[in-house]
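Below you'll find the structure, written out as structure tokens, and then a few comments.
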Amino acid sequence: MGIGILLTIALVSLLAGVAVQLRGARKSPYDFLIVGLTAAFAAYFASETFPGSALFDTIKNFGPSIDGFYVIPGVAFAFVIATVAYVGTRETYTPDTATA
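Start counting the sequence shown at 144; every next residue gets the next number (my numbering).
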């Protein structure tokens, strides 16, 4: 996988994190970081491991490949894992309502 694809993964993951930060109902200061990092990790992990794994050996075509990045497993897994991370952490932050 080339540096261009890694930078693209990082940029798209950052944009997804920023979108969650701006559109989320209960905002913590770290929503963009949680979603961005999990999406980037998931996209890279899925693209690198799914095509060569024994579990998915029956699937012969993983869709288009751009510089070693398999688009369909990378994007799908990134979306699923980032969504799970957001849903799992959105209720963990409670804003401080105490005034000084």
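Where a beta carbon is used, it is the ideal one built from N, C-alpha and C, also for glycine.
Quantities reported herein were computed from a predicted structural model and do not represent experimental measurements.
Item, Value
"Thinking just about the alpha-carbon of each residue, which of P194, R233 and A182 is nearest to the one in L154?", "A182"
"Do you know how far the Cα of A221 is from the Cα of S171?", "21 angstroms"
"Leaving out the 5 sequence neighbours to the left and right, which residues in its chain are closer than 8 angstroms to T235 when beta-carbon positions are compared?", "S171"
"Would you report the Cα separation of I215 and V161, rounded to the nearest angstrom?", "23 angstroms"
"Can you give me the C-alpha to C-alpha distance between A185 and V218, rounded to a whole angstrom?", "8 angstroms"
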